[in-house]
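Colleague: Before anything else, here's the structure in question.
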Amino acid sequence: MAEKPRLKVPKEAKKGEIIELKTLLSHVMETGLRKDAQGNVIPRKIINKFTCEFNGKPVFSADIEPAVAANPYIQFNAKVNESGTFKFTWVDDDGTVTTTEEKITVV
Amino acid sequence: MKRSIITSVGAAGAVAGLFAVAALFPVEAPAQAKKVAPLITTGDASVRPWKRYSDWPQRDMSKFNTLANLVSPPAPKEPKKIAGPVTGDVANGQKLVADRTRGGSCLACHVMGPAGNADLPGNVGPDLSEIGNAGREDEWLVNYVTDPRVYNPESTMPPWGTHGLFNEQEINDIVAFLKTLKSPAKFRSPLDDPMKRPAPVETRDNLDDLQNPGMWAVEKAQELWKAKGPLGSACVTCHANTATLKSWSVSMPKFEPRMDKVIGVEEFIYRHAKATTGADWLMQSNENTALAVYLRYLSNGQIIKVDTTSPGAKAALERGKALSARKLGQLNFACTDCHDPSKGGLKWIRGQWLGEQKGQYDHFPTWRTSLQSIWDIRKRFQWCQVNIRADELPPDAKEYGDLELYLASVNSGLKMNVPGIRH
Amino acid sequence: MQTITRRQALVLGSGAAVFMTVGDVSPLFATPAEADAEIAKFTGGKAAEKGKISIDLPEIAENGNTVPLQVTVESPMTDKDYISDILVVADGNPRPGIATFHLTPLSGKATAATRIRLQTTEYIIVVAKTNDGKFFTDRKQVKVTIGGCGG
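Structural data, given as C-alpha cells:
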C-alpha cells in the first residue's frame, strides 16, 4: 500500500507527560478466509506488525492478526521526557515496510 | 471491495455533438446563480444496462412490485377454510421461524419464546411467546401466516404463503410450533429483550479521518476538483472559491424542469461535469461518490431546505410520498413499514435498529462499516430494495428522485453532516 | 481474587476449557479450547489471576466488521513494575488470535486500542503479563448481529 499513514500525535508536551498517539494505515487486511466469485481463496495479505520508537528506543509494538479490522487503527500511550522524534513502522506480509516520523517538543 | 467502473465514453469530439447543453459558461459561478447550471439533459447518468452489484443477492424478483412496476399477486379475497386441527412438525417450525434465509424470518420482528435461543429477536411485531394461550383457532393462525391481509389489510407482515416464502406444510409446521408457545420468553440477558435493549447512539466523530474512512473522499474530491477533463477545464476553472457552494447541496434534490425529473447531487455531478469539463463521472463511480461527499461536506452545518413549492416539485413530492408507502418485493414492505414510527420505525429487527425517516438523509453519503465503502442515498435505496426482495432500479431512476425529494423534505430543518459513518 | 488454573494438558491441546462455556459454537469457528491453547502458549501454562484489566467493548455490535476495542491494565509502568505484553484472543472467530501488544515503561500507561473483526457473538479474552512474569486475565462478551431482514 502506497497510502500515507494517518497520525494524531501532539506537537508539544510537558516533561513526563503521558500522551495519547493514534495511528491508522489504509490497508485491506485480507484475512485469507474469503473466496472470490469463482470459489478460489483470496490469499492473506495483512499488516502483521506495528512498532513505535522514540529517539531510537522502543515504546510500543503490536503483533497483528487477520482479526484486526481493515485500515488498522492502533492507539496507545507514550511517556515523553525529552524532545525528539517518534518513528512508526508497519510491516506487510509481503515484507513491505511503511515508515513515518513525527517530531514532538517537550518543555 | 471495489465497486463500479468508469466507462469512458470517448474523445471530446464524440461528446461535443451529442447532447443538449443549456446556459453559458461563467468565469466564476456566482453564489446565487440566476443562470441555470449547464447539464447534459439527455441520456442516462449511470451504467447501462444496469446490472446489480455482483456481491449483492442475485435473486430475480421481477414477479413482485418495484417502485416502477405494480405486479405483485393480489391478496386473497377471504381466508381459506381449514377443515380440522392443523398437524405439523413442531421442531421444524421452531427452526423455520428463526431461519434468516427465508427473509428474516419471523424472529426478525417477533419475540417467540425459545426460538432462536431468544437471541436478539425483534419487536416490530407483537411478542408471540404466549400465542398458544391466546385462544386463536388453527384456521386463524394458518391464514394469518399465509396472508395477514385477509384479516388486516394494513398489515406490515409479509404474506409468507401468498408470496411463496413458505409452502403450506411449512406454514403448518410453524403454526404447530406457535401452538406450543405458552410462557414468556426467557432472555439470557436484558440485551436480548428488544423491549429493554437501548437504541444505538452513534458516538463516533464522523469528521475524524482516523474514525471515518469516508473523510478520505474529501481529500480525493479536492484532487478531482483540479483535474482537467477532456474539454480542457476542471471544476476549479469556474468554482475556485468553494465557499460560494456552501448553500448548494442543502437545496438538493431539486426538480429539474429541463428533464421533468428530480435530480439529486450524484446525478447532477454526472450531468454537470459532462457538460462543462467533459469528465465522465457516472453515478456510483468512485469519483462521483467522492465529489458527492465533498459537495455535501461543503454544506455541513447548513440547514437542509428543499423546494417543494414549484408545480413540478409539488407533483414529485406527492409521488415520492406515495412511493414511500408502496409495498415492494417478495417481503411486501414499504419504506413506511420499517421507517414510520407508527409501524416498524424506532423498533428492532433482530439486532438491527430501524431508524425513522427524519434523520435518515442528513448524513448521506455515508461510510458503511458493514460493507466497507461509501454509499450515496441512491445506493442505500437500492440495497434496501434488494434485501426486502424487490428488484432495484438504476440509480438515476426518476422514481428514486421523487422518493429522495420526499425524504429530503421530511429531513428539512436538520443540519447537513457528511460524510456519515454507520453500520 | 478468583484464581483460574490452567492445566498442563491445555498446552497439548487436549482437555476442555476450564472456566468458560459459551453458547452455541458452530463447528466452523474456533472453540474456546483453541482460544485457551493460545493463552497457554502465552502464559507457558502458568495460572492467570482474574483482575486488573478493563476491557472496553460495545455490548452489541450491529456488524462484526469493525468493533472498537480498548484494553487497559492497572500498573505503575515504572522500570521496576510494568506490563510487558497484552494478549487478546477471541473464542468464536475462525482463529482465536487478535493481537499481542508489547509495552515498555516508555508506554507510560498500559493501554491499547484497535478495531477488530468478530464473526459471531463471542468472548474477547485478555491476558496481561508483567515484567516479572505474573499474569492477569479478564474477558468480555460482545453480541454480534447482522442485518434484520436477511440482508
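Chain order of the listed sequences is A, B and C.
Start counting the first sequence at 1; every next residue gets the next number (my numbering).
Start counting the second sequence at 1001; every next residue gets the next number (my numbering).
Start counting the third sequence at 2001; every next residue gets the next number (my numbering).
A virtual CB, placed ideally from N, CA and C, is assigned to each residue, including glycine.
1. Pull up the CB-CB distance for A/LYS57 and C/LEU2106, whole angstroms please, since I reckon it's below 8 angstroms.
2. Just the C-alpha distance for C/ASP2085 and C/THR2100, rounded to the nearest angstrom, thanks.
3. Compare the beta carbon distance of B/PRO1419 and B/VAL1293 with 7 angstroms and say whether it is the shorter of the two.
4. Please state the DSSP three-state secondary structure of C/ASP2138.
5. Starting from the Cα of B/GLY1229, find the closest Cα among B/TYR1151, B/THR1277 and B/ALA1316 and give me that residue.
6. Check whether the segment 1352-1367 of chain B touches the segment 1219-1234 of chain B, taking contact to mean three or more Cβ pairs, one atom from each stretch, closer than 8 angstroms.
7. Would a check of beta-carbon distances place B/LEU1429 closer than 7 angstroms to chain A?
8. If you compare alpha carbons, which of C/LYS2109, C/VAL2071 and C/ILE2083 is closest to C/ASP2138?
9. Pairing CB atoms from the segment 1295-1308 of chain B with CB atoms from the segment 1112-1122 of chain B, are three or more of them under 8 angstroms?
10. Cβ of C/GLU2049 within 7 angstroms of Cβ of C/PRO2096?
11. Scan the segment 1341-1390 of chain B and note each continuous beta strand (DSSP E) run of 3 residues or more that stays entirely inside, going in chain order.
12. Give, in chain order, every residue of the segment 1198-1229 of chain B whose Cβ lies closer than 9 angstroms to some Cβ of chain A.
13. Using the rule of at least 16 other Cβ atoms within 10 Å of the residue's Cβ for burial, across every protein chain shown, is B/GLU1154 buried or exposed?
14. Please state the DSSP three-state secondary structure of B/ASP1402.
15. Hey, A/THR23 and A/PRO66: beta-carbon distance below 7 angstroms or not?
16. In whole angstroms, give me the CA-to-CA distance for B/MET1195 and B/HIS1110.
17. Kindly indicate which three-state DSSP category A/SER61 falls into: helix, strand or coil?
18. At the level of alpha carbons, what is the spacing between B/LEU1128 and A/PHE50?
19. Determine, using beta carbons only, whether C/ASP2069 and C/ILE2116 come nearer to each other than 7 angstroms.
20. Quick one: is C/THR2089 buried, meaning 16 or more other Cβ sit within 10 Å of its Cβ, or exposed?
21. Leaving out five residues before and five after B/ASP1307 in sequence, what residues of the same chain have Cβ atoms less than 8 angstroms from its Cβ?
22. In this structure, does DSSP put B/ASP1173 in helix, strand or coil?
23. Kindly give me the distance between the Cβ atoms of C/LYS2140 and C/TYR2123, rounded to whole angstroms, as I take these residues to be in contact under 8 angstroms.
24. Go to C/PRO2068, then tell me how far its alpha helix (DSSP H) extends in each direction, as first and last residue.
25. Just tell me which of B/TYR1144, B/LYS1398, B/PRO1394 and B/ALA1234 has its CA closest to the CA of B/PHE1484.
26. Grab me the residues of A/ARG34's own chain with a C-beta within less than 7 angstroms of its C-beta, minus the 5 sequence neighbours each way, in chain order.
27. Using a beta-carbon distance below 7 angstroms, is C/ILE2060 in contact with chain B?
28. Could you check whether the segment 1033-1043 of chain B touches the segment 1363-1370 of chain B, counting it as contact only if at least three pairs of C-beta atoms, one from each stretch, sit closer than 8 angstroms?
29. So, is the C-beta of A/PHE88 closer than 7 angstroms to a C-beta in chain C?
30. I think C/ALA2128 touches C/VAL2073, with their Cβ atoms under 8 angstroms apart; what is that distance to the nearest whole Å?
31. Just the C-alpha distance for C/PRO2032 and B/GLY1088, rounded to the nearest angstrom, thanks.
32. How should B/ARG1149 be labelled, buried or exposed, when 16 other C-beta atoms within 10 angstroms of its C-beta is the threshold for buried?
33. Taking Cβ positions, are A/VAL154 and A/THR89 nearer each other than 7 angstroms?
34. Mark A/TYR73 as exposed unless 16 or more other C-beta atoms lie within 10 angstroms of its C-beta, in which case mark it buried.
35. Could you tell me the alpha carbon to alpha carbon distance between C/THR2120 and B/CYS1235, rounded to whole angstroms?
36. Within a Cβ cutoff of 8 angstroms, which residues of the same chain sit near A/TYR85, ignoring the five residues on either side of it in sequence?
Modeller: Let me lay it out:
1. Indeed they touch by this definition, with Cβ atoms about 6 angstroms apart.
2. C/ASP2085 and C/THR2100: Cα-Cα distance of roughly 7 angstroms.
3. Contact: yes.
4. Strand.
5. The option with the nearest alpha carbon to B/GLY1229 is B/THR1277.
6. Taking 8 angstroms as the limit for Cβ pairs, the verdict is that the segment 1219-1234 of chain B does not touch the segment 1352-1367 of chain B.
7. Residue 1429 of chain B lies beyond the stretch modelled for chain B, which goes from 1001 to 1423, so this question has no answer here.
8. For the residues C/LYS2109, C/VAL2071 and C/ILE2083, the minimum Cα distance to C/ASP2138 belongs to C/VAL2071.
9. Flag = no, the segment 1295-1308 of chain B and the segment 1112-1122 of chain B do not touch.
10. Contact: no.
11. Those beta strand (DSSP E) runs which fall completely within the segment 1341-1390 of chain B and span 3+ residues are 1366-1368 and 1373-1375.
12. If the cut-off is 9 angstroms between Cβ atoms, the segment 1198-1229 of chain B has ASP1208, ASP1209, LEU1210, GLN1211, PRO1213 and TRP1216 near chain A.
13. Per the 10 Å Cβ criterion, exposed.
14. Helix.
15. No, the pair does not count as a contact, with Cβ atoms beyond the cut-off.
16. Within the model, the alpha-carbon separation for B/MET1195 versus B/HIS1110 is close to 11 angstroms.
17. A/SER61: strand per DSSP, three-state reduction.
18. C-alpha separation (whole angstroms): 51 angstroms.
19. Before going on, a small fix: residue 2069 of chain C reads as Leu here, not Asp. Their beta carbons are under 7 angstroms apart, which means C/LEU2069 touches C/ILE2116 by this criterion.
20. The sequence as given places Val at residue 2089 of chain C; Thr does not occur at that position. Counting C-beta atoms within 10 angstroms of its own C-beta, C/VAL2089 has 16 or more neighbours from the protein chains shown and is therefore classed as buried.
21. Beyond the five residues adjoining it in sequence on each side, B/ASP1307 comes within less than 8 angstroms, by CB distance, of SER1251, LYS1254, PHE1255 and ALA1313 in the same chain, given in chain order.
22. Note: B/ASP1173 maps to helix in three-state DSSP.
23. With a contact defined as Cβ atoms closer than 8 angstroms, C/LYS2140 and C/TYR2123 qualify at about 7 angstroms.
24. Under the DSSP assignment, C/PRO2068 falls outside any alpha helix (DSSP H), being part of the beta strand (DSSP E) whose first and last residues are 2067-2073.
25. What is shown of chain B runs 1001 to 1423, which leaves residue 1484 of chain B out entirely.
26. These residues qualify, in order along the chain: ILE42.
27. At least one CB of chain B lies nearer than 7 angstroms to the CB of C/ILE2060.
28. Because the criterion of three Cβ pairs below 8 angstroms is not met, the segment 1033-1043 of chain B and the segment 1363-1370 of chain B do not touch.
29. Not one beta carbon of chain C lies nearer than 7 angstroms to the beta carbon of A/PHE88.
30. Contact between C/ALA2128 and C/VAL2073 holds, with the beta-carbon distance rounding to 4 angstroms and staying under 8 angstroms.
31. Here the C-alpha atom of C/PRO2032 lies approximately 37 angstroms from the C-alpha atom of B/GLY1088.
32. Buried, by the Cβ-count rule.
33. In the structure as shown, chain A begins at 1 and stops at 107. Residue 154 of chain A is therefore absent and cannot be evaluated.
34. Classification of A/TYR73: buried, given that the 10 Å Cβ count is 16 or more.
35. If you take the alpha carbons of C/THR2120 and B/CYS1235, they lie about 46 angstroms apart.
36. For the record, residue 85 of chain A in the displayed sequence is Thr; it is not Tyr. When the five nearest sequence neighbours on each side are left out, the beta carbons in the same chain lying within less than 8 angstroms of the beta carbon of A/THR85 are those of PHE54, ASN55, GLU101, GLU102, LYS103 and ILE104, in order along the chain.
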